[in-house]
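Visitor: I have a structure here, written as structure tokens, and I will follow up with some questions on it.
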Amino acid sequence: MVEIAESSESGSGLLNSGEVKIGSLPEEDSFHRQVSSFGSSGSRNTSPLGRIGSRNTSPSRQKVVKTKPRGLDEETVTTFVKPVQPDVQMEDNIWPMLPEDLLNEILARVPPFMIFRLRSVCKRWNSILQDHGFLKFHSQVPSHGPCLLTFWKNSQTPQCSVFSLPLKQWFRIPFTFLPQWAFWLVGSSGGLVCFSGLDGMTFKTLVCNPLTQTWRTLPSMHYNQQRQLIMVVDRKDRSFKVIATSDIYGDKSLPTEVYDSKIDKWSLHQTMPAVNLCSSKMAFCDSRLYLETLSPLGLMMYRLDTGQWEHIPAKFPRSLLDGYLVAGTHKRLFLVGRIGLYSTLQSMRIWELDHTKVVWVEISRMPPRYFRALLRLSAERFECFGQDNLICFTSWNQGKGLLYDVDKKLWSWIAGCALQSYNSQVCFYEPRFDASIY
Amino acid sequence: MASSSKTEQKKMLILKSSEEEEFEIEESIAVQSGTIKNMVEDDFTLIPLPNVDTETLIKIIKYMKKHGEKTKSNEKDIEEFDKEFVKKSFTELKELVLAANYLHITSLIDLLCQAFADRIKNKSVKAIREIFGIPNDFTPEEEAEVYEQHKWAHEEGKEHIDHSAY
Numbered sequence: 220m221v222e223i224a225e226s227s228e229s230g231s232g233l234l235n236s237g238e239v240k241i242g243s244l245p246e247e248d249s250f251h252r253q254v255s256s257f258g259s260s261g262s263r264n265t266s267p268l269g270r271i272g273s274r275n276t277s278p279s280r281q282k283v284v285k286t287k288p289r290g291l292d293e294e295t296v297t298t299f300v301k302p303v304q305p306d307v308q309m310e311d312n313i314w315p316m317l318p319e320d321l322l323n324e325i326l327a328r329v330p331p332f333m334i335f336r337l338r339s340v341c342k343r344w345n346s347i348l349q350d351h352g353f354l355k356f357h358s359q360v361p362s363h364g365p366c367l368l369t370f371w372k373n374s375q376t377p378q379c380s381v382f383s384l385p386l387k388q389w390f391r392i393p394f395t396f397l398p399q400w401a402f403w404l405v406g407s408s409g410g411l412v413c414f415s416g417l418d419g420m421t422f423k424t425l426v427c428n429p430l431t432q433t434w435r436t437l438p439s440m441h442y443n444q445q446r447q448l449i450m451v452v453d454r455k456d457r458s459f460k461v462i463a464t465s466d467i468y469g470d471k472s473l474p475t476e477v478y479d480s481k482i483d484k485w486s487l488h489q490t491m492p493a494v495n496l497c498s499s500k501m502a503f504c505d506s507r508l509y510l511e512t513l514s515p516l517g518l519m520m521y522r523l524d525t526g527q528w529e530h531i532p533a534k535f536p537r538s539l540l541d542g543y544l545v546a547g548t549h550k551r552l553f554l555v556g557r558i559g560l561y562s563t564l565q566s567m568r569i570w571e572l573d574h575t576k577v578v579w580v581e582i583s584r585m586p587p588r589y590f591r592a593l594l595r596l597s598a599e600r601f602e603c604f605g606q607d608n609l610i611c612f613t614s615w616n617q618g619k620g621l622l623y624d625v626d627k628k629l630w631s632w633i634a635g636c637a638l639q640s641y642n643s644q645v646c647f648y649e650p651r652f653d654a655s656i657y
Numbered sequence: 002m003a004s005s006s007k008t009e010q011k012k013m014l015i016l017k018s019s020e021e022e023e024f025e026i027e028e029s030i031a032v033q034s035g036t037i038k039n040m041v042e043d044d045f046t047l048i049p050l051p052n053v054d055t056e057t058l059i060k061i062i063k064y065m066k067k068h069g070e071k072t073k074s075n076e077k078d079i080e081e082f083d084k085e086f087v088k089k090s091f092t093e094l095k096e097l098v099l100a101a102n103y104l105h106i107t108s109l110i111d112l113l114c115q116a117f118a119d120r121i122k123n124k125s126v127k128a129i130r131e132i133f134g135i136p137n138d139f140t141p142e143e144e145a146e147v148y149e150q151h152k153w154a155h156e157e158g159k160e161h162i163d164h165s166a167y
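Heads up: the protein sequence lines correspond to chains A and B, in order.
Taking this note's numbering, the leading residue of the first sequence gets 220, the next gets one more, and so forth.
Taking this note's numbering, the leading residue of the second sequence gets 2, the next gets one more, and so forth.
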């Protein structure tokens with residue numbers, strides 16, 4: 220049963236691999252803002268009262284009318300700047316002189332999915348927008364907003380769509396690179412997306428960056444079983460880990476396995492106690508993995524640094540249904556679920572774990588009108604997941620998405636988001652060019 | 002015209018545009034510009050700005066004055082001001098961003114670059130070329146190839162594409 224295989228498949232969907240430097244721009248230095256070097260502020264004047272009496276001769280400030288480019292006629296007007304009336308200053312010719320650093324600042328603020336289209340503008344833009352240094356700079360711009368990634372397989376073809384919350388737009392991403400066996404969306408973290416599936420008899424995992432269309436299969440685990448998985452990216456460390464806890468049927472006692480991208484290997488750790496009580500509810504925060512156990516509801520915690528499991532004796536709310544675990548920012552951990560057995564008396568509540576007192580503290584309740592709209596019947600299936608203090612509720616049959624912002628204490632429907640297909644899987648996703656699969 | 006008035010509490014500077022028009026401004030506000038700050042440290046009180054025309058300088062002074070009075074209570078007010086401030090033609094925005102870059106006013110550069118990005122993100126390729134005055138230097142074959150590489154990005158959100166160059 221023990222299988223240790225080497226990482227075999229990887230690939231890139233791009234014709235121009237992201238690793239090849241096409242632009243001539245140096246790595247990071249050119250992207251620090253520089254004071255524009257064209258046109259110095261006249262001669263250095265030692266006398267504070269001195270006037271710069273001489274006429275301004277800076278080349279970029281000429282007020283004369285520029286002559287039109289030679290040969291400009293009606294046929295070429297669409298590819299060149301529109302000709303203007305002679306009495307209007309024709310300063311359009313200054314445009315190509317827009318300093319590199321300013322152009323980069325502008326392009327870096329364009330949302331990730333819109334960048335691709337801009338490559339068609341001209342050769343210079345095409346080169347800049349593929350430059351490794353620029354893409355890294357782009358990824359450092361404060362988040363272009365959270366996105367939702369949905370994945371489903373239409374018989375054999377994988378379909379993947381990303382919904383950008385700030386842009387309120389769907390983008391369908393080609394996932395043709397995904398091997399046939401990739402079936403389950405494990406999750407997304409730091410711009411990477413993880414899938415798992417069965418390739419024949421072998422349980423495999425894969426990571427990819429949908430934006431750069433790069434992907435690779437991870438080496439096989441020590442124990443070939445379908446496992447509960449979670450992936451976490453450490454951006455500071457430029458690495459990621461995949462943690463495999465129990466097998467999905469909960470009947471095999473297997474050591475916890477952790478994949479570390481820095482060594483490209485799986486390592487074995489303590490078996491989770493009470494493996495038969497595992498639920499599928501997991502959340503990772505502050506380098507700890509929290510896992511919910513059933514009958515009775517309990518909380519187990521796995522520490523990455525020690526490789527050990529620990530029971531957290533936080534008492535769960537009585538008569539809790541669902542019980543989703545959601546990780547927030549820093550060390551925040553949330554519990555989401557319904558209380559009340561009868562549909563008319565049910566309410567959806569959110570608790571936060573108080574780590575010091577080891578108790579669940581109720582922090583919010585879903586307003587009844589949202590609850591009713593989301594779940595027409597209490598038996599209606601819904602999914603709940605979250606990231607960065609945003610908790611998302613989706614009800615597939617109704618194609619609706621509801622968002623709760625923990626910090627702002629705001630409930631809102633996700634506008635323009637018609638979620639299709641009852642059998643699709645969904646998670647939060649941050650599109651980042653610089654998320655590396657290695 | 003005399004420069005700084007030594008009897009006043011607040012030190013004043015004079016900014017001179019490329020068209021030689023002069024504007025008086027409090028030093029404490031003007032030093033939001035890194036360039037001006039450096040010159041002040043070198044004892045300048047008359048600051049010649051041959052790269053900034055009068056119209057643009059007036060707008061920049063307006064920006065600096067508004068941001069110079071930033072307190073905890075008027076954040077929303079300043080946000081509104083910023084929103085209105087960037088509602089300008091591309092030509093004006095271009096002048097402003099070049100001036101802001103030259104004057105090294107970080108917050109204004111950020112604001113203007115973000116405004117540009119927001120305005121062009123939905124624009125068609127043709128419209129962007131027009132706005133930036135960029136000729137298409139691709140051959141039809143090259144252009145088709147670049148298009149093919151990311152066809153999905155062009156196809157997606159087609160209905161959102163804006164073809165105007167304004």
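Ideal Cβ placement from N, Cα and C applies to all residues, glycine included.
Over the uninterrupted alpha helix (DSSP H) stretch that includes Leu354 of chain A, give me the two end residues.
Guide: Translated into the one-based positions of the first sequence, residue 354 of chain A becomes position 135. That run of the alpha helix (DSSP H) goes 351-359.
Visitor: Considering only the beta carbon of each residue, do Ser407 of chain A and Tyr561 of chain A sit closer than 9 Å?
Guide: Locating residue 407 of chain A in the first sequence gives position 188, counting from the first residue. Locating residue 561 of chain A in the first sequence gives position 342, counting from the first residue. Not in contact: Ser407 of chain A and Tyr561 of chain A (Cβ atoms no closer than 9 Å).
Visitor: Report yes if the CB atom of Ile110 of chain B is closer than 9 Å to the CB atom of Ile62 of chain B, and no otherwise.
Guide: Here residue 110 of chain B corresponds to residue number 109 of the second sequence, with the count starting at 1. Here residue 62 of chain B corresponds to residue number 61 of the second sequence, with the count starting at 1. For Ile110 of chain B and Ile62 of chain B, no; Cβs fall outside 9 Å.
Visitor: If we define contact as Cβ-Cβ less than 9 Å, is Ala154 of chain B a contact residue for chain A?
Guide: The count along the second sequence starts at 1 and reaches residue 154 of chain B at position 153. Yes, its Cβ sits closer than 9 Å to a Cβ of chain A.
Visitor: Going by other Cβ atoms of all chains shown within 10 Å of its Cβ, with 16 needed for buried, is Ser266 of chain A buried or exposed?
Guide: Here residue 266 of chain A refers to the residue found at position 47 of the first sequence. Only weak support exists for where Ser266 of chain A lies, its pLDDT of 37 falling under 50; the value from the coordinates is given anyway. It counts as exposed.
Visitor: Could you tell me the boundaries of the alpha helix (DSSP H) in which Asn345 of chain A lies?
Guide: In the first sequence, the residue the question calls residue 345 of chain A occupies position 126. Segment 342-347, the alpha helix (DSSP H) holding Asn345 of chain A.
Visitor: With DSSP run on the structure shown, which of helix, strand or coil describes Pro49 of chain B?
Guide: Here the question's residue 49 of chain B lines up with position 48 in the second sequence. In this structure, Pro49 of chain B counts as strand in the three-state DSSP scheme.
Visitor: Along the chain, where does the alpha helix (DSSP H) that runs through Pro331 of chain A open and close?
Guide: Indexing the first sequence from 1 puts residue 331 of chain A at position 112. Unbroken alpha helix (DSSP H) run through Pro331 of chain A: 331-337.
Visitor: So does the region 46-65 of chain B actually touch the region 8-22 of chain B, counting three or more Cβ pairs closer than 8 Å?
Guide: Short answer: they touch.
Visitor: Once the 5 residues before and after His170 of chain B are set aside, which same chain residues still bring their CB inside 7 Å of it?
Guide: Lying outside 2 to 167, the shown extent of chain B, residue 170 of chain B is not represented and no answer is given.
Visitor: Compare the C-alpha of Ala654 of chain A against each of A:Pro385, A:Arg454, A:Ser614 and name the closest.
Guide: Within the first sequence, numbered from 1, the residue matching residue 654 of chain A stands at position 435. Selected option, being the one with the closest Cα: A:Arg454.
Visitor: Could you tell me whether the region 369-386 of chain A touches the region 465-479 of chain A, using the rule of 3 or more Cβ pairs below 8 Å?
Guide: At 8 Å Cβ cutoff, the stretches do not touch.
Visitor: If you run the structure through DSSP and keep just helix, strand and coil, what is Val221 of chain A?
Guide: Here residue 221 of chain A refers to the residue found at position 2 of the first sequence. With a pLDDT of only 39 at Val221 of chain A, under 50, the local geometry of the prediction cannot be trusted, and the value read off the model is given with reservation. Val221 of chain A falls in the strand class under three-state DSSP.
Visitor: Count the other CB atoms within 10 Å of the CB of His574 of chain A; is the residue buried (16 or more) or exposed (fewer)?
Guide: Position 355 of the first sequence, counted from the start, is the residue given in the question as residue 574 of chain A. Exposed, because fewer than 16 other Cβ atoms sit within 10 Å of the Cβ of His574 of chain A.
Visitor: Phe117 of chain B lies in the alpha helix (DSSP H); which residues open and close that run?
Guide: Indexing the second sequence from 1 puts residue 117 of chain B at position 116. Where Phe117 of chain B is concerned, the enclosing alpha helix (DSSP H) stretches over 107-121.
Visitor: In angstroms, rounded to a whole number, what distance separates the CA positions of Asn137 of chain B and Pro318 of chain A?
Guide: On the second sequence, residue 137 of chain B is found 136 positions in, with the first residue counted as 1. On the first sequence, residue 318 of chain A is found 99 positions in, with the first residue counted as 1. If I take the Cα positions, the gap works out to 19 Å.
Visitor: Are the C-beta of Ala1 of chain B and some C-beta of chain A separated by less than 9 Å?
Guide: Outside the displayed range of chain B (2 to 167) lies residue 1 of chain B, so it cannot be described from this structure.
Visitor: In the structure shown, what three-state DSSP assignment does Arg446 of chain A receive?
Guide: Here residue 446 of chain A corresponds to residue number 227 of the first sequence, with the count starting at 1. Here Arg446 of chain A sits in strand by DSSP.
Visitor: Using the Cβ count rule (16 or more neighbours within 10 Å means buried), how would you classify Trp632 of chain A?
Guide: Residue mapping note: residue 632 of chain A aligns to position 413 of the first sequence, counting from 1. Flag for Trp632 of chain A reads exposed.
Visitor: Tell me where the alpha helix (DSSP H) around Val126 of chain B begins and ends.
Guide: Mapped onto the second sequence, residue 126 of chain B falls at position 125. Run containing Val126 of chain B: 126-133, per the alpha helix (DSSP H) assignment.
Visitor: Using a 10 Å radius around the Cβ and a threshold of 16 neighbouring Cβ atoms, would you call Glu96 of chain B buried or exposed?
Guide: The sequence position of residue 96 of chain B within the second sequence is 95, counting from 1. Classification of Glu96 of chain B: buried, given that the 10 Å Cβ count is 16 or more.
Visitor: Near Cys646 of chain A, which residues of its chain fall below 7 Å by C-beta distance, leaving aside the five closest residues on each side in sequence?
Guide: Sequence index remark: in the first sequence, residue 646 of chain A carries index 427 (1-based). Counting only Cβ-Cβ distances below 7 Å, and skipping sequence neighbours, we find Leu368, Leu404, Gly406, Ser407, Phe604.
Visitor: Taking the alpha carbon of Leu113 of chain B as the point to measure from, which residue in B:Phe91, B:Lys152, B:Pro141 has its own alpha carbon closest?
Guide: Here residue 113 of chain B corresponds to residue number 112 of the second sequence, with the count starting at 1. It is B:Phe91.
Visitor: Under 9 Å, CB to CB, which of the residues in the region 327-343 of chain A have a partner in chain B?
Guide: Residues passing the 9 Å Cβ filter: Ala327, Arg328, Val329, Pro330, Phe332, Met333, Ile334, Phe335, Arg336, Leu337, Arg338, Ser339, Val340, Cys341, Lys342, Arg343.
Visitor: Note down the Cα distance separating Phe24 of chain B from His363 of chain A, rounded to an integer number of angstroms.
Guide: Numbered from its first residue, the second sequence carries residue 24 of chain B at position 23. Numbered from its first residue, the first sequence carries residue 363 of chain A at position 144. Approximately 39 Å between the Cα atoms of the pair.
Visitor: Mind listing, in chain order, the continuous beta strand (DSSP E) runs of no fewer than 3 residues lying wholly within the region 530-618 of chain A?
Guide: You should have 539-546, 552-558, 566-573, 578-584, 602-606, 609-614.
Visitor: How is Ser643 of chain A classed by DSSP in three states: helix, strand or coil?
Guide: Taking the first sequence and counting its residues from 1, one reaches residue 643 of chain A at position 424. Coil.
Visitor: Which residues, taken in chain order from the region 548-570 of chain A, show a beta carbon closer than 9 Å to some beta carbon of chain B?
Guide: For the region 548-570 of chain A, which is checked against every Cβ of chain B, not one residue is closer than 9 Å.
Visitor: Would you kindly report the start and end of the unbroken beta strand (DSSP E) that includes Leu417 of chain A?
Guide: Position 198 of the first sequence, counting from 1, holds the residue named residue 417 of chain A. Where Leu417 of chain A is concerned, the enclosing beta strand (DSSP E) stretches over 411-418.
Visitor: Establish whether the CB of Arg391 of chain A and some CB of chain B are separated by less than 9 Å.
Guide: Within the first sequence, the letter at position 172 stands for residue 391 of chain A. So, interface residue.
Visitor: Cβ atoms of Met440 of chain A and Trp485 of chain A: under 9 Å apart, would you say?
Guide: Taking the first sequence and counting its residues from 1, the one referred to as residue 485 of chain A is at position 266. Taking the first sequence and counting its residues from 1, the one referred to as residue 440 of chain A is at position 221. Closer than 9 Å, so yes.
Visitor: Specify, as a first and last residue, the run of the beta strand (DSSP E) that Pro141 of chain B falls within.
Guide: The residue given as residue 141 of chain B occupies position 140 in the second sequence. Unbroken run through Pro141 of chain B is the alpha helix (DSSP H), 141-150; no beta strand (DSSP E).
Visitor: If you follow the beta strand (DSSP E) that Ile15 of chain B is part of, which residue opens it and which one closes it?
Guide: The residue given as residue 15 of chain B occupies position 14 in the second sequence. Residues 13-17.
Visitor: Near Arg595 of chain A, what residues of its chain come up, given a Cβ to Cβ distance below 7 Å and the 5 sequence neighbours on each side ignored?
Guide: As a first step, residue 595 of chain A is located in the first sequence; it is residue number 376 there, counting from the start. Contacts found: none.
Visitor: Go ahead and label Gln150 of chain B buried or exposed: buried means 16 or more other beta carbons lie within 10 angstroms of its beta carbon, across all protein chains shown.
Guide: Within the second sequence, residue 150 of chain B is the residue found at index 149, counting from 1. It counts as buried.
Visitor: Assuming Ser383 of chain A and Phe332 of chain A make a contact with CB atoms under 8 Å, what is their CB distance in whole Å?
Guide: Position 164 of the first sequence holds residue 383 of chain A. Position 113 of the first sequence holds residue 332 of chain A. With 8 Å as the limit, Ser383 of chain A and Phe332 of chain A qualify as a contact, their Cβ atoms being about 7 Å apart.
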